[in-house]
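Worksheet: one structure, shown below.
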Amino acid sequence: MSDRVDGMLSEYTYPPTQNHKWGSAMLSSPGLPIGRKARNPEQKISPTQASLWVSSLPLSSPGPDHNDDLCRWPSHLPTPIPIPGRCPLTFILSQSAKCLMFCFFGQGREILAYLLEHPAVVSSSDRLKDSPETRVSSAGRSLLGRFVYVFQREYATVDPDIVQLAGTDEATTCVGLVIRSRNSGMTSVSHMDFPGVVSNGLEQMMSSIVVNDNPGDTAFDVHLIGGFDDRPKKHSSDEVTSERKQKKEGFSLPLCSKMVEALQDSQWKFHLQTLCVLKHNTKIDSMGNACPVISGILVDTSSGSVMPASFDRSSRGPDEIVRRIRLTVCSEDPKWKGKLLETYDTSRDRFEIVPFTWVPDWRLYALSLQELSDSEYLLGCSTSPFAEGPDFVENERRKWDYLIKNPDWRYTFVNKQPRIFQRTEDGGWLRCR
Numbered sequence: 000m001s002d003r004v005d006g007m008l009s010e011y012t013y014p015p016t017q018n019h020k021w022g023s024a025m026l027s028s029p030g031l032p033i034g035r036k037a038r039n040p041e042q043k044i045s046p047t048q049a050s051l052w053v054s055s056l057p058l059s060s061p062g063p064d065h066n067d068d069l070c071r072w073p074s075h076l077p078t079p080i081p082i083p084g085r086c087p088l089t090f091i092l093s094q095s096a097k098c099l100m101f102c103f104f105g106q107g108r109e110i111l112a113y114l115l116e117h118p119a120v121v122s123s124s125d126r127l128k129d130s131p132e133t134r135v136s137s138a139g140r141s142l143l144g145r146f147v148y149v150f151q152r153e154y155a156t157v158d159p160d161i162v163q164l165a166g167t168d169e170a171t172t173c174v175g176l177v178i179r180s181r182n183s184g185m186t187s188v189s190h191m192d193f194p195g196v197v198s199n200g201l202e203q204m205m206s207s208i209v210v211n212d213n214p215g216d217t218a219f220d221v222h223l224i225g226g227f228d229d230r231p232k233k234h235s236s237d238e239v240t241s242e243r244k245q246k247k248e249g250f251s252l253p254l255c256s257k258m259v260e261a262l263q264d265s266q267w268k269f270h271l272q273t274l275c276v277l278k279h280n281t282k283i284d285s286m287g288n289a290c291p292v293i294s295g296i297l298v299d300t301s302s303g304s305v306m307p308a309s310f311d312r313s314s315r316g317p318d319e320i321v322r323r324i325r326l327t328v329c330s331e332d333p334k335w336k337g338k339l340l341e342t343y344d345t346s347r348d349r350f351e352i353v354p355f356t357w358v359p360d361w362r363l364y365a366l367s368l369q370e371l372s373d374s375e376y377l378l379g380c381s382t383s384p385f386a387e388g389p390d391f392v393e394n395e396r397r398k399w400d401y402l403i404k405n406p407d408w409r410y411t412f413v414n415k416q417p418r419i420f421q422r423t424e425d426g427g428w429l430r431c432r
């Protein structure tokens with residue numbers, strides 16, 4: 000149960016006719032708490048056991064709708080969105096807490112659909128989009144303080160006593176996930192890029208934040224920012240499109256749905272502060288193409304506040320090109336299957352890129368890609384060719400140039416040793432091994 004609500008709610012039983020997931024939701028301003036589902040949806044469940052906290056709305060003083068049991072939806076509250084084929088929302092009013100609690104049945108996609116319509120989600124997304132974008136550059140390091148940058152499919156957990164800021168960008172169909180402990184301030188940032196890494200990735204993040212805490216001892220604030228409404232649109236001038244982009248649902252929706260479902264299934268109690276994804280993070284450019292409003296984020300580890308951000312090449316480090324290559328070739332490495340890539344050492348405040356390999360054939364592949372025009376490259380190699388940043392192709396070509404010039408991975412990892420970067424006094428990075 001949310002620690003912002005006093006009083007106990009009555010236990011209740013709801014035996015669904017199908018094997019639905021169970022969760023409970025309560026509005027706890029300013030956050031929307033999310034947590035663990037009950038293992039058996041047919042058992043008698045106390046609301047204190049619920050772990051999916053998805054919404055909350057303060058109630059006025061109890062009126063004719065109140066009876067401390069199952070009751071009608073209060074007339075002054077927004078009507079919940081019905082889910083076809085699902086049981087309606089059921090709720091309980093607590094006279095002592097004067098809040099609303101209700102059961103939620105459905106998969107991650109259904110819960111996501113409800114959340115996106117919630118007034119608190121809409122409001123927090125609007126506030127974030129109205130915030131000015133922070134532009135991060137190595138030239139401004141002295142003003143920003145120490146920060147950690149996360150590339151696609153990476154995660155980093157930072158100590159607020161050591162690092163002031165952490166962030167990521169270049170997210171179009173990807174989603175930035177921020178999790179922060181309310182007790183310690185430990186903050187983990189990841190750049191999720193497809194559903195297959197979400198479940199294990201969340202466990203990786205939580206294991207690096209939590210040391211000895213029990214699931215019920217700590218609450219965590221969570222932000223999901225990124226992804227957009229990337230359902231395919233026909234472009235009359237574009238006859239060449241890859242088969243994968245013909246998916247009717249796009250790439251962002253399955254990822255966002257999986258992330259919400261993973262949070263729901265977790266043993267930890269999460270308070271959803273921001274869900275700026277999909278339609279809340281979509282704008283139409285001058286050419287009529289959908290693209291994300293926010294593609295980069297920066298979190299202040301001391302306050303937990305999150306802001307839109309962009310990073311220039313000098314601030315996407317250290318070891319930018321090697322880390323980009325690792326993302327490209329890691330799909331062939333079974334030890335990284337279904338996992339986020341680890342790079343940052345929290346306790347030592349340093350980056351350690353462990354050795355990884357690539358075969359000489361990558362050089363031939365790189366040569367073939369370098370022959371493509373920029374537009375051909377975008378259409379063939381991006382999940383969102385009409386939404387990429389202006390330096391996307393340039394960054395990709397720099398990566399392929401490195402593989403062409405260095406077809407043997409042992410040149411990069413001399414004696415099979417990791418590449419280690421220590422923090423400098425001005426907040427930058429210096430390779431020490």
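Quick note on numbering: numbering that gives the first Met the number 0 labels position 368 of the sequence shown as 367, and the sequence is numbered without any gaps.
Even for Gly, the Cβ is constructed at its ideal location relative to N, Cα and C.
Since the structure is predicted, the reported quantities are computational estimates derived from the model, not experimental observations.
The C-alpha of residue 424 is placed about 44 Å away from the C-alpha of residue 114. Rounded to the nearest whole angstrom, the CA to CA distance from residue 357 to residue 137 is 30 Å. Pairing residue 188 with residue 155, the inter-Cα distance amounts to about 6 Å. When DSSP reads this structure, residue 290 sits in a beta bridge with 282.
Judged by DSSP secondary structure, residue 421 falls within the beta strand (DSSP E) whose first and last residues are 418 to 422. For residue 307, the pairing in a beta bridge is given by DSSP as 296. For the 7 Å CB-CB criterion, residue 256 and residue 422 do not form a contact.
The secondary-structure analysis by DSSP pairs residue 344 across a beta bridge with 349. For the set 168, 157 and 153, the Cα lying nearest the Cα of residue 306 is the one of 168. Within the model, the alpha-carbon separation for residue 177 versus residue 397 is close to 29 Å. Restricting attention to 363, 328 and 370, the CA atom closest to the CA of residue 354 is found in 328. Looking at the DSSP output, residue 428 bridges to 422.
Per DSSP, reduced to three states, the secondary structure at residue 165 is strand. Per DSSP, reduced to three states, the secondary structure at residue 149 is coil, with no helix or strand assignment. A distance below 7 Å separates the beta carbons of residue 174 and residue 223. Residues of the same chain with a CB within less than 8 Å of the CB of residue 145, apart from the 5 flanking positions on each side, are 161, 162, 163, 164, 348, 422 and 426 in chain order. The beta carbon of residue 403 sits closer than 7 Å to those of 362, 365 and 366, all from its chain and outside the five residues before and after it, given in chain order. Per DSSP, the unbroken alpha helix (DSSP H) holding residue 122 starts and ends at 118 to 129. Under the 8 Å Cβ criterion, the stretch 196 to 203 does not count as touching the stretch 288 to 297, having fewer than three qualifying pairs.
Between residue 148 and residue 315, the C-beta spacing is below 7 Å.
Looking at the DSSP output, residue 221 shares a beta bridge with 178 and 271. When the Cα atoms are used, residue 119 and residue 430 turn out to be separated by approximately 45 Å. With respect to the C-alpha of residue 219, the residue from 269, 210, 229 and 252 having the closest C-alpha is 269. Rounded to the nearest whole angstrom, the CA to CA distance from residue 283 to residue 260 is 29 Å. Within the DSSP secondary-structure output, residue 134 pairs in a beta bridge with 309. The continuous alpha helix (DSSP H) containing residue 374 extends over residues 373 to 380. By the beta-carbon neighbour count (other beta carbons within 10 angstroms, threshold 16), residue 122 is exposed. Here DSSP, grouped into helix, strand and coil, assigns residue 209 to coil. Put simply, of 278, 302 and 208 the residue whose alpha carbon is nearest the alpha carbon of residue 230 is 278.
DSSP places residue 186 inside the beta strand (DSSP E), whose first and last residues are 186 to 191. In the three-state reduction of the DSSP assignment, residue 156 falls in the strand class.
In the structure shown, residue 276 falls within a strand segment according to DSSP collapsed to helix, strand and coil. If you draw a 10 Å sphere on the C-beta of residue 390, you find fewer than 16 other C-beta atoms in it, and that means exposed.
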